[in-house]
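What follows is a single structure, written as structure tokens, with notes after it.
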Amino acid sequence: MINMAKNKQKEKKFSTWRLFKLVYDFLDKKDKKLVIIGGFICFWNAVFYVGGTTLTGVIISLFFSQKMFDASGKVIPGAFDVKGFIIWNSILAIFFICYAIVRFIQSRILIAIAYKAATKMRKVAMEKLIEMPVSFYDKEKSGDLISVLINDINNLANSFVQMFNETWNNIFNVILSILAMAFVGFTLTAIVIPLSVLFFSLGYFMISKARKSYVLVQQDFGDLNAYVEEMLTNSKITQTFDRQETAEKNFKKITHDIYWHSFKGDVCIKFFDPWFIISTNLLVLLISLFAIIFNIKNVPTLSIFSFFSKADAGFMIAYTSLLWNYTGTLQVFFNVIFSIQIGLASTKRVFRLLELELPTKIKNSIELKDIEGHIEFRNVCFRYDKNSSKYQLKNATFEALPGQIIAIVGPTGAGKTTIINLLSKFYEYEEGSIKIDGVELTKITKKNLRDLMSVVLQDSFMFNETIMDNLKVASDKITNQEVYEMASLTSAHNFIQKLEKGYDTVIENSGQSLSQGERQLLSITRALLGKKKVLILDEATSNVDSNTEQIIQKALQEELMKDRTSIVIAHRLSTIKNADLILVVDDGQIIEQGNHASLMEAKGYYFNLYENQFK
1 MINMAKNKQK
11 EKKFSTWRLF
21 KLVYDFLDKK
31 DKKLVIIGGF
41 ICFWNAVFYV
51 GGTTLTGVII
61 SLFFSQKMFD
71 ASGKVIPGAF
81 DVKGFIIWNS
91 ILAIFFICYA
101 IVRFIQSRIL
111 IAIAYKAATK
121 MRKVAMEKLI
131 EMPVSFYDKE
141 KSGDLISVLI
151 NDINNLANSF
161 VQMFNETWNN
171 IFNVILSILA
181 MAFVGFTLTA
191 IVIPLSVLFF
201 SLGYFMISKA
211 RKSYVLVQQD
221 FGDLNAYVEE
231 MLTNSKITQT
241 FDRQETAEKN
251 FKKITHDIYW
261 HSFKGDVCIK
271 FFDPWFIIST
281 NLLVLLISLF
291 AIIFNIKNVP
301 TLSIFSFFSK
311 ADAGFMIAYT
321 SLLWNYTGTL
331 QVFFNVIFSI
341 QIGLASTKRV
351 FRLLELELPT
361 KIKNSIELKD
371 IEGHIEFRNV
381 CFRYDKNSSK
391 YQLKNATFEA
401 LPGQIIAIVG
411 PTGAGKTTII
421 NLLSKFYEYE
431 EGSIKIDGVE
441 LTKITKKNLR
451 DLMSVVLQDS
461 FMFNETIMDN
471 LKVASDKITN
481 QEVYEMASLT
491 SAHNFIQKLE
501 KGYDTVIENS
511 GQSLSQGERQ
521 LLSITRALLG
531 KKKVLILDEA
541 TSNVDSNTEQ
551 IIQKALQEEL
561 MKDRTSIVIA
571 HRLSTIKNAD
581 LILVVDDGQI
591 IEQGNHASLM
601 EAKGYYFNLY
611 ENQFK
């Protein structure tokens, strides 16, 4: 689940109004006008629907409640007005044809604007996710975020269409049905309304119960997406350590949660249907009894129509048809409200994503056009968990002069990658100072920094494009010839030319068809093609064979690191003997620094590391 701004979200209630407003805010001026037109169309939709139902009752009352046969069973001449019957039914047909046309136009408008809003919503959400710092993704499940972007926003759009297409239609239908019943028989209507409110008040309670379950269902689907992605990504690890049974058990637990929460939500809905049928029939029965009493006692119906002044058979036929229309509309209304609960559950998750607070823009930022590559760390402190007392980097201080090679060594978890992460602005340091060419890193934007620095991380990510396109990511000005020359220097050319389509080979599944070593060679080649003044290599050759590593190291030191400040995390100490400065890191502190010769002479931590590696 998305954790950002969680405290604020607890205070917010996600009603149908908030769902409507969320979608409405993503519409342009033209589409907002269409929403108003859609609301106007909803009203006329209800007018034609209720008008048609009212006319049906009137026609039945006028033409079929009269005595048309004598005692012998013969038709009484003039008892049935054929001409009037045709005229009234023609009007009825016009009403229902208009209803169908208006209904189609309304649906067409609302579907179009809802999915326009959904598209814009995804765009805004994706832009936010791209801008979010790396620390955000440390706390979030990527599968859950994918679920919000795809499923929840889609649910939101569907619910908006349903809400406007059905909810507003039914609200107008209910209002007009009440008015129509009041016009036909105000006395009975004054009894119907309180009784219907009493019978159907249970619906509101069931809606609130269902909503809670549907919120949990959407969260469960997010967990399922995250878990499936994790299992598919790490399928080799699962099989290597024979974890299939555990994986299946965890999967069953998540799917059981989905089943249980869906079951609870659907039970609320299904319970309401039989209750509604019982309530509706009971209401019709009670109204029929009241009508009989009114007829016997000559209680006036207070109808605006003269032919409905008494609660006779004709009146009952017309009024009952309107009553069925009223209760049927209420049932549809409640069913739509129930189905919108899925959208409301999604609204909560989408809203959290859209309300993510982006990193504050740097005030008075300094743009560096070109740099020499002078890097300074002064008493830098940092911890990944701000609530923890443990720092991953404590009072780190060192200086890299332009063109120097700086190597960082130390045991796993010592803080080597943390130094790289801070210099790359993946995270913001808490204390101390980091400067590039005398400018504080906090004054340099990430975009500007990326133009000055090339980074090769341990995990080599590849886009689902050709090898040539992947290598040209750094700049669209890179020529094919430059790619061939750089790939030859890094030895990437050797395996690329063996592929059937060479540099035109499309990399699929983020490069899973390539070995880790091949992906690292491509990453190194890609970084070097950028020709940036600062080069960062985070164990960039850890997955290549020794022979290839020697070729790469030779090319780096003799050709590719010239006139660049290079920060290198090394796993093989033999590759950094020629570094200008070696930083020895342990438990978040730089405990030693110097060149290879001076550190060996000191016979400290580095000396022991080196000796142990070559025993």
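Position 163 of the sequence shown, counted from 1, bears residue number 163 in the UniProt record's numbering, the numbering being contiguous throughout.
Just so you know, even glycine gets a beta-carbon here, dropped at the ideal spot from N, CA and C.
Item: Given that a residue counts as buried once 16 or more other Cβ atoms are within 10 Å of its Cβ, and exposed if not, what is N612?; Value: exposed
Item: Which value, in whole angstroms, describes the spacing of the CA atoms of N158 and V332?; Value: 17 Å
Item: Would the segment 374-384 count as touching the segment 165-185 if we require 3 or more Cβ pairs under 8 Å?; Value: no
Item: Could you tell me how far apart the beta carbons of L535 and S424 are, in whole angstroms, since I believe they sit closer than 8 Å?; Value: The pair is not a contact, with the Cβ atoms about 12 Å apart (cut-off 8 Å).
Item: Take S213 and list the residues in its own chain whose beta-carbon comes closer than 6 Å to its own, dropping the five residues that flank it on each side.; Value: H261, K264 and G265
Item: Using only alpha-carbon positions, find the residue among T53, P133 and N45 that is nearest to R103.; Value: N45
Item: Alpha carbon to alpha carbon, how far is K10 from T246?; Value: Residue placement at K10 is flagged as unreliable, the pLDDT there being 44, under the threshold of 50; a coordinate-derived value is accordingly withheld.
Item: Would you kindly work out how many angstroms separate the C-alpha atoms of K29 and G343, rounded to a whole number?; Value: 24 Å
Item: Could you pull out every residue in the same chain whose Cβ sits closer than 6 Å to the Cβ of L573, ignoring the five residues on either side in sequence?; Value: Y610 and Q613
Item: Rounded to whole angstroms, what's the CA-CA distance from T360 to E482? Just pull it up for me.; Value: 38 Å
Item: If distances are taken between C-alpha atoms only, which option among K128, A226, D504 and H493 comes closest to I552?; Value: H493
Item: Are there 16 or more other CB atoms within 10 angstroms of the CB of M316, so buried, or fewer, so exposed?; Value: buried
Item: Does the segment 111-118 touch the segment 83-99, meaning 3 or more C-beta pairs lie closer than 8 Å?; Value: no
Item: Compare the beta carbon distance of T347 and L560 with 8 Å and say whether it is the shorter of the two.; Value: no
Item: Tell me, which residues are paired with Q589 by DSSP?; Value: D586
Item: Can we say the segment 394-409 touches the segment 445-454, given the rule of at least three CB pairs closer than 8 Å?; Value: no
Item: Shortest alpha-carbon distance to F43 belongs to which of N170, I278 and M132?; Value: N170
Item: For Q162 versus I340, is the C-beta spacing smaller than 8 Å?; Value: yes
Item: For L452, which residues of its own chain have a beta-carbon under 7 Å away from its beta-carbon, when the five flanking residues on both sides are left out?; Value: L368, I371, K532, K533 and V534
Item: I need the DSSP call for T565, collapsed to helix, strand or coil.; Value: strand
Item: Considering just the uninterrupted stretch of the beta strand (DSSP E) at I146, what are its terminal residues?; Value: Element bounds for I146: not the beta strand (DSSP E) but the alpha helix (DSSP H), S142 to S147.
Item: Kindly confirm or deny that the segment 429-445 and the segment 582-590 touch, where touching means at least three C-beta pairs closer than 8 Å.; Value: no
Item: Is R450 helix, strand or coil when you go by DSSP?; Value: helix
Item: Taking the C-alpha atoms as reference points, what is the distance between V124 and G143?; Value: 18 Å
Item: Please classify Y606 as buried or exposed, where buried requires at least 16 other C-beta atoms within 10 Å of its C-beta.; Value: buried
Item: Is it buried or exposed, T490, if we count other Cβ atoms within 10 angstroms and call 16 or more buried?; Value: buried
Item: Which residue's Cα is closest to the Cα of N225: E248, Q244, I254 and V506?; Value: I254
Item: Can you tell me which of the three DSSP states S433 falls into?; Value: strand
Item: L322 and T119: beta carbons closer than 8 Å?; Value: no
Item: When you compare only the Cα positions, how much space is there between L129 and N421?; Value: 19 Å
Item: Just to confirm, are Q458 and E539 a CB contact at a threshold of 8 Å?; Value: yes
Item: Cβ of Y503 within 8 Å of Cβ of T466?; Value: yes
Item: Which residues in the same chain have their Cβ closer than 8 Å to the Cβ of N250, if we skip the five residues on either side of it in sequence?; Value: Y227
Item: For S515, is the classification buried or exposed, using 16 other Cβ atoms within 10 angstroms of its Cβ as the cut-off for buried?; Value: exposed
Item: Expressed to the nearest angstrom, what Euclidean distance is found between the alpha-carbon atoms of V50 and N155?; Value: 30 Å
Item: CA-CA distance, L285 and F276?; Value: 14 Å
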